[in-house]
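One structure is given below, encoded as C-alpha coordinates.
Residue numbers (full-length UniProt numbering): 1 to 70.
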(Lines of atoms letter the chains of each structure in order from A and count residues from 1; the text may use other names and numbers.)
(Lines give C-alpha, C1' and ligand atoms only; values in the text may rest on other atoms or scores of the structure.)
Protein backbone atom coordinates (compact mmCIF):
# COMPACT_ATOMS: atom_id res chain seq x y z
CA UNK A 1 0.00 0.00 0.00
CA UNK A 2 1.43 3.36 -1.02
CA UNK A 3 1.64 6.28 1.36
CA UNK A 4 -1.06 8.73 0.45
CA UNK A 5 -0.18 12.39 0.64
CA UNK A 6 -1.93 13.82 3.68
CA UNK A 7 -2.49 17.55 3.50
CA UNK A 8 -0.72 19.39 6.31
CA UNK A 9 -2.60 22.18 8.03
CA UNK A 10 -0.67 25.15 9.33
CA UNK A 11 -1.70 27.20 12.33
CA UNK A 12 -3.06 30.59 11.41
CA UNK A 13 -1.67 33.43 13.56
CA UNK A 14 -4.26 35.42 15.46
CA UNK A 15 -4.16 39.12 14.70
CA UNK A 16 -4.77 41.38 17.66
CA UNK A 17 -5.62 44.97 16.74
CA UNK A 18 -3.49 47.62 18.44
CA UNK A 19 -6.60 49.41 19.74
CA UNK A 20 -7.46 46.29 21.77
CA UNK A 21 -3.91 45.81 23.03
CA UNK A 22 -3.14 49.43 23.96
CA UNK A 23 -5.28 49.68 27.14
CA UNK A 24 -3.68 46.54 28.57
CA UNK A 25 -0.22 47.84 27.73
CA UNK A 26 -0.92 51.16 29.46
CA UNK A 27 -2.35 49.32 32.49
CA UNK A 28 0.74 47.09 32.73
CA UNK A 29 3.02 50.14 32.45
CA UNK A 30 1.19 52.04 35.21
CA UNK A 31 1.21 48.95 37.43
CA UNK A 32 4.94 48.45 36.84
CA UNK A 33 5.69 52.09 37.69
CA UNK A 34 3.63 51.83 40.89
CA UNK A 35 5.48 48.68 41.93
CA UNK A 36 8.86 50.24 41.20
CA UNK A 37 7.88 53.30 43.24
CA UNK A 38 6.70 51.31 46.26
CA UNK A 39 9.70 48.98 46.23
CA UNK A 40 12.33 51.57 45.41
CA UNK A 41 11.28 54.97 46.70
CA UNK A 42 8.56 54.67 49.34
CA UNK A 43 10.58 55.87 52.31
CA UNK A 44 11.85 59.06 53.83
CA UNK A 45 11.14 62.40 52.13
CA UNK A 46 9.35 60.86 49.12
CA UNK A 47 6.97 58.79 51.24
CA UNK A 48 3.28 59.01 50.30
CA UNK A 49 2.15 56.78 53.16
CA UNK A 50 3.26 57.69 56.67
CA UNK A 51 4.90 55.11 58.86
CA UNK A 52 7.07 52.12 58.08
CA UNK A 53 4.37 49.67 56.98
CA UNK A 54 5.09 49.79 53.24
CA UNK A 55 8.84 49.89 53.83
CA UNK A 56 8.76 46.77 55.99
CA UNK A 57 6.39 44.96 53.61
CA UNK A 58 8.72 45.38 50.61
CA UNK A 59 11.97 45.32 52.58
CA UNK A 60 13.33 42.02 51.20
CA UNK A 61 12.31 42.89 47.63
CA UNK A 62 14.13 46.19 48.02
CA UNK A 63 17.38 44.39 48.90
CA UNK A 64 16.85 41.74 46.21
CA UNK A 65 16.53 44.43 43.52
CA UNK A 66 19.53 46.37 44.82
CA UNK A 67 17.78 49.41 46.31
CA UNK A 68 19.50 50.78 49.41
CA UNK A 69 17.28 51.33 52.40
CA UNK A 70 19.46 51.81 55.48
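We put the CB at the ideal spot given by N, CA and C, even for glycine.
- For residue 53, the enclosing alpha helix (DSSP H) covers residues 53-57.
- The beta carbons of residue 62 and residue 44 sit about 13 Å from each other, so the pair does not count as a contact at 8 Å.
- Residue environment analysis places residue 58 among the buried positions, since at least 16 neighbouring C-beta atoms fall within 10 angstroms of its C-beta.
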